[in-house]
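Visitor: Starting off with a structure, shown below.
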Amino acid sequence: MIPAVALELDQKVARVQAVLRTSGIGTLAVYYGGQHNASRLDPVFWLTDLRVLGPAMVLIPVAGPPQLLVTQTWDTARARETGTHATVVASHKHQLISDAVRNLLDLPQPVALSGRSAMPIAVYEELQTRLALDPLAGDDIIPPQAATRLPSELARVERAGQIADEGFRAVCELARVGMREYELAAEVDATMIAAGAEDNFGLIGAGASNVTIRPPTDRRLERGDVVMCEITPCYRGYLAQLCRTFVLGTPTPQQAHVYDILMTAEHAGLAAARPGHPTAAIAKEINAVISKAGYEEYCKPPYMRSRGHGLGTGGVAPLDINESSTHVLEHNMTMVIHPNQFVPETGYMMCGDMVVIEDGGPRLLTQTPLRLFWSGQA
Amino acid sequence: METLHSVLKHGAMYSDWNAFPRSVFVERLSATKRAIRDSGDDAWIVYGDAQNYGELAYLTHFLPRLRSSLVIITPSGEPVLLTCVGSRDIPAMQVLTWVTDIRPYWRLPEDMAQFLADAGLTNSRIGLVGVRESMPIGDWDAIRRNVPGVRWTFRDAEFGAVRKPDEATARAIRHAAAVVDEGLRAAMTFFRERPTFRAASAEVERVVRRLAAEDVRILVGGAPQNGYQLRPPDDAPILAEQSVPFVLACEVQRCWAEGATTIPGHANRPQERILAETAERALSAMVAAVAPETRARSVWDAAMRSLDEPNLRACAAAYGMGGGIGLDANEEPEIVEDGAGSFASCAGVALHVVLQRNRDSAAAGTTLVRSGAGFAR
Numbered sequence: 000m001i002p003a004v005a006l007e008l009d010q011k012v013a014r015v016q017a018v019l020r021t022s023g024i025g026t027l028a029v030y031y032g033g034q035h036n037a038s039r040l041d042p043v044f045w046l047t048d049l050r051v052l053g054p055a056m057v058l059i060p061v062a063g064p065p066q067l068l069v070t071q072t073w074d075t076a077r078a079r080e081t082g083t084h085a086t087v088v089a090s091h092k093h094q095l096i097s098d099a100v101r102n103l104l105d106l107p108q109p110v111a112l113s114g115r116s117a118m119p120i121a122v123y124e125e126l127q128t129r130l131a132l133d134p135l136a137g138d139d140i141i142p143p144q145a146a147t148r149l150p151s152e153l154a155r156v157e158r159a160g161q162i163a164d165e166g167f168r169a170v171c172e173l174a175r176v177g178m179r180e181y182e183l184a185a186e187v188d189a190t191m192i193a194a195g196a197e198d199n200f201g202l203i204g205a206g207a208s209n210v211t212i213r214p215p216t217d218r219r220l221e222r223g224d225v226v227m228c229e230i231t232p233c234y235r236g237y238l239a240q241l242c243r244t245f246v247l248g249t250p251t252p253q254q255a256h257v258y259d260i261l262m263t264a265e266h267a268g269l270a271a272a273r274p275g276h277p278t279a280a281i282a283k284e285i286n287a288v289i290s291k292a293g294y295e296e297y298c299k300p301p302y303m304r305s306r307g308h309g310l311g312t313g314g315v316a317p318l319d320i321n322e323s324s325t326h327v328l329e330h331n332m333t334m335v336i337h338p339n340q341f342v343p344e345t346g347y348m349m350c351g352d353m354v355v356i357e358d359g360g361p362r363l364l365t366q367t368p369l370r371l372f373w374s375g376q377a
Numbered sequence: 000m001e002t003l004h005s006v007l008k009h010g011a012m013y014s015d016w017n018a019f020p021r022s023v024f025v026e027r028l029s030a031t032k033r034a035i036r037d038s039g040d041d042a043w044i045v046y047g048d049a050q051n052y053g054e055l056a057y058l059t060h061f062l063p064r065l066r067s068s069l070v071i072i073t074p075s076g077e078p079v080l081l082t083c084v085g086s087r088d089i090p091a092m093q094v095l096t097w098v099t100d101i102r103p104y105w106r107l108p109e110d111m112a113q114f115l116a117d118a119g120l121t122n123s124r125i126g127l128v129g130v131r132e133s134m135p136i137g138d139w140d141a142i143r144r145n146v147p148g149v150r151w152t153f154r155d156a157e158f159g160a161v162r163k164p165d166e167a168t169a170r171a172i173r174h175a176a177a178v179v180d181e182g183l184r185a186a187m188t189f190f191r192e193r194p195t196f197r198a199a200s201a202e203v204e205r206v207v208r209r210l211a212a213e214d215v216r217i218l219v220g221g222a223p224q225n226g227y228q229l230r231p232p233d234d235a236p237i238l239a240e241q242s243v244p245f246v247l248a249c250e251v252q253r254c255w256a257e258g259a260t261t262i263p264g265h266a267n268r269p270q271e272r273i274l275a276e277t278a279e280r281a282l283s284a285m286v287a288a289v290a291p292e293t294r295a296r297s298v299w300d301a302a303m304r305s306l307d308e309p310n311l312r313a314c315a316a317a318y319g320m321g322g323g324i325g326l327d328a329n330e331e332p333e334i335v336e337d338g339a340g341s342f343a344s345c346a347g348v349a350l351h352v353v354l355q356r357n358r359d360s361a362a363a364g365t366t367l368v369r370s371g372a373g374f375a376r
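Quick note, the sequences are listed as chains A and B, same order.
Numbering of the first sequence is given in numbering that gives the first Met the number 0, commencing with residue 0 and proceeding in unit increments.
Numbering of the second sequence is given in numbering that gives the first Met the number 0, commencing with residue 0 and proceeding in unit increments.
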């Protein structure tokens, strides 16, 4: 257990308790099903630093220590090592709700529920029956608290960024003509796991001209392929993303030209990523560069949906970055800014970096040079 | 065995149409349509998410890598697959399914309501499969609000009667089990060569993902600093003298298989050896007890009878002893003390025994596949 982590976990609980006090909620019951998802915040992990193996709940009373209910009795030691000051309760997947409700009845009322976006119908029906009422809505309490990274969280995102760099280096070193896409993805995965990643929200696809990024298939790499890499390792629960393009061979002048446009767009987007600015400004700056180059129609759906998104522990604020997004950037938000783009002449190319928003602007958390990569390059 | 779910299925995403020819799905779909007609419903919706998608994959061969997907089946029409991606992602989804009508959605309650309206189903009777156990209550409430005229019925039991273990699934589980075996063999090498659980597990993942695993789950134990218990691989050092229980599950072509073994330490201490042999003996007892008509509790009893120490029985019980496996990593019936379900509808059965005594720990596990009138390793 790292003392700094324990302090931060206490801080998070205190923040939630402050909201409970002002909202008139006695206890917040937080549910997560254990289905980790890079685009969804896991509130149980955020509160306890435990990546659960199955369904779990955290009960946070308006005052006093929380309880963490896990559904594998053999996994409680791992839960206790995280630094959480929550009382760890060994439950079972078939008893989670009955155990939680029994404990909830001894805690301050009324009860609100956070987790309706993850709690299956059958589980909710059991909760409702055992509580003999509908819990209050509590889904909006945690996400705003999790919008910015605390120091130990940021350190993990930074490490995830370094691992992403290692993953892309593996692509550059190991991609070969004749290799299947999934074999290349396996090499990247193994490289990043060895470097400390426990997971990867990764997509690697290739082709002479691609429509968009996609998962790896059994297709064999061919000379001239454009290998699209969205590399997103998870380090101790926190994700960072690197988007780059690798040409298996020598890039065509057109590919080099388009990539120059994307690099200019990324610089423009980064310049707009400052605290107090709306995220829409990032998308507008990126789209302005690409539109000026003659590709305005490809800056809209179905070709393009977002120019980045919040990323850290699952999807967090500022969520998707597009011209109509309304979030305002804050100090210590972490996100990926990616002017990935389809253009007819080259197909889809990927270009993007993980950043943390600081007072002076964004700081890159991925260090891979911003350029087009190709095989046999010095 | 329940393990750490990944943030995305990021392995080999393609379809082996030789292993799963279209005719397999046409037959499954026909049986489902007959069941829909028998139920009197106008349509069924079969739902799955990134963790539980067996029913959906059975009909479509599709698996949601993230979030959820569903297929809508009417008695006379072609199936329609709704999946949570952008429209530009549809070509990549097409390689994962034989269903040709694939539509993207971003917000399920709104987009599903629109689909039902377009299909003339807003005042219909719709059966639901996989929804009650997996769909989040938030989405469900919104869907019901958006299409108040639909009369919904949960049809999991009816679909369960349709879903039969067939040779295509059994063959795919067998293939996944062969990949697991390769992974277990690799573990025997790499857990002797690499310094940490994480480094050794990385090599195992490399091996099985290069063999086209779509998803991989690892649990590893025996580290003194971890109390010898199983957990996802971490930076605990591998001690040469310590034995390591190792559990591996792999998904290949939508089908899961699982295995477990004890990687012996260099010290080869008698206590370690005896514990590993005890786990293997309990596993053998379970293997011998599994048959299609067997109740899950009988398999449990077989294991418990072979474990003569109460603390070993308690340990095995805490870790669980397996259950059905196939298109989901954890299927019914679960092997528990009072398990009344039989294995009649299982294409595969995963069995494992994890034991711990003082500073020794051991694991043994295998996947049985439906073969003729019984199951085979």
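The beta-carbon is built from N, C-alpha and C at its ideal position, and this holds for glycine as well.
It should be emphasised that the depicted structure is a prediction, and the values quoted were computed from it without experimental measurement.
(1) Which first and last residues belong to the beta strand (DSSP E) in which A256/B is found?
(2) Buried or exposed: E186/A, going by 16 or more other Cβ atoms within 10 Å of its Cβ?
(3) Could you please give the first and the last residue of the uninterrupted beta strand (DSSP E) stretch that includes P142/A?
(4) Please tell me whether H9/B has its Cβ less than 8 Å away from any Cβ of chain A.
(5) Thinking C-alpha only, which one of A267/A, P343/A and F245/A is nearest W373/A?
(6) Just the chain A side, please: which residues come within less than 7 Å of Y13/B by C-beta, in chain order?
(7) For the segment 291-319 of chain B, which residues have a CB atom closer than 7 Å to at least one CB atom of chain A, in sequence order?
(8) Measure from the alpha carbon of Y123/A to the alpha carbon of each residue in D117/B, I125/B, A118/B and R131/B, then state which is nearest.
(9) Contact defined as beta carbons within less than 8 Å: I believe A346/B pairs with I172/B. What is the distance between those atoms, to the nearest angstrom?
(10) Is it buried or exposed, E344/A, if we count other Cβ atoms within 10 angstroms and call 16 or more buried?
(11) Which same chain residues end up closer than 6 Å to A141/B when comparing Cβ atoms and leaving out the 5 residues on each side of it in sequence?
(12) One question on the structure: do I203/A and C228/A come within less than 8 Å of each other, judged by their Cβ atoms?
(13) Whole angstroms are fine: how far does the CA of Q224/B sit from the CA of Q252/B?
(14) I think V15/A touches L27/A, with their Cβ atoms under 8 Å apart; what is that distance to the nearest whole Å?
(15) Can the beta-carbon of D41/B be found less than 8 Å from the beta-carbon of I101/B?
(16) Run through chain A and tell me which residues come within less than 7 Å of H390/B, C-beta to C-beta.
(17) Along the alpha helix (DSSP H) that carries E172/A, what are the first and last residues, could you check?
(18) Does the count of Cβ pairs from the segment 233-242 of chain A and the segment 149-156 of chain A closer than 8 Å reach three?
(19) Quick check on the DSSP output: the beta strand (DSSP E) that includes E229/A runs from which residue to which?
(20) For M187/B, go through chain A and note every residue whose CB falls closer than 7 Å to its CB, in chain order.
(21) Select from I356/A, D352/A and P368/A the residue whose C-alpha is nearest the C-alpha of G160/A.
(22) Which residue from T278/A, H326/A and M118/A puts its Cα closest to that of P143/A?
(23) Smallest Cα separation from D337/B: which of R296/B, L81/B, V146/B and W105/B?
(24) Looking only at its chain, what residues have a beta carbon closer than 6 Å to the beta carbon of L419/A, apart from the 5 residues adjacent to it on each side?
(25) Can you tell which of S360/B, W139/B and E333/B has the C-alpha that lies nearest to the C-alpha of A222/B?
(26) Starting from L52/A, find everything on chain B with Cβ-Cβ shorter than 7 Å and list it in chain order.
(27) Where does C249/B fall in DSSP's three states?
(28) Starting from the Cα of I120/A, find the closest Cα among E308/B, D117/B, V128/B and A186/B and give me that residue.
(29) Quick one: is N199/A near chain B, going by C-beta distance under 8 Å?
(30) In this structure, how does DSSP classify Y52/B when only helix, strand and coil are distinguished?
(31) Count Cβ pairs between the segment 68-85 of chain B and the segment 21-36 of chain B that sit closer than 8 Å; are there 3 or more?
(32) Starting from P351/A, find everything on chain B with Cβ-Cβ shorter than 8 Å and list it in chain order.
(33) Please name the residue in G53/A, V4/A, A17/A and S22/A whose C-alpha comes closest to that of R230/B.
(34) Going straight from the alpha carbon of L183/B to that of N17/B, what length do you get?
(35) Using a Cβ-Cβ cutoff of 8 Å, what residues of the segment 47-69 of chain B are near chain A? List them in chain order.
(36) Identify the residues that DSSP records as bridge partners of P236/B: which are they?
Guide: For this structure:
(1) C254 to I262
(2) buried
(3) No beta strand (DSSP E) contains P142/A, which is instead part of the alpha helix (DSSP H) from I141 to Q144.
(4) yes
(5) F245/A
(6) T216 and D217
(7) A317 and Y318
(8) R131/B
(9) 6 Å
(10) exposed
(11) P108
(12) yes
(13) 37 Å
(14) 6 Å
(15) no
(16) Given that chain B is displayed from residue 0 to residue 376, the structure contains no residue 390/B and the question cannot be resolved.
(17) P150 to L173
(18) yes
(19) V225 to I230
(20) Under the 7 Å cutoff, chain A gives no residues; its nearest Cβ is about 17 Å from M187/B.
(21) D352/A
(22) H326/A
(23) R296/B
(24) Only positions 0 to 377 of chain A appear in the structure, and residue 419/A is not among them; the question remains open.
(25) S360/B
(26) E1, T2 and L3
(27) strand
(28) V128/B
(29) yes
(30) coil
(31) yes
(32) With the sequence shown as reference, residue 351/A is identified as Gly, and Pro is not the correct amino acid for it. Here the premise fails: no neighbours, minimum Cβ distance about 17 Å.
(33) G53/A
(34) 27 Å
(35) D48, A49, Q50, R64, L65 and R66
(36) T195/B
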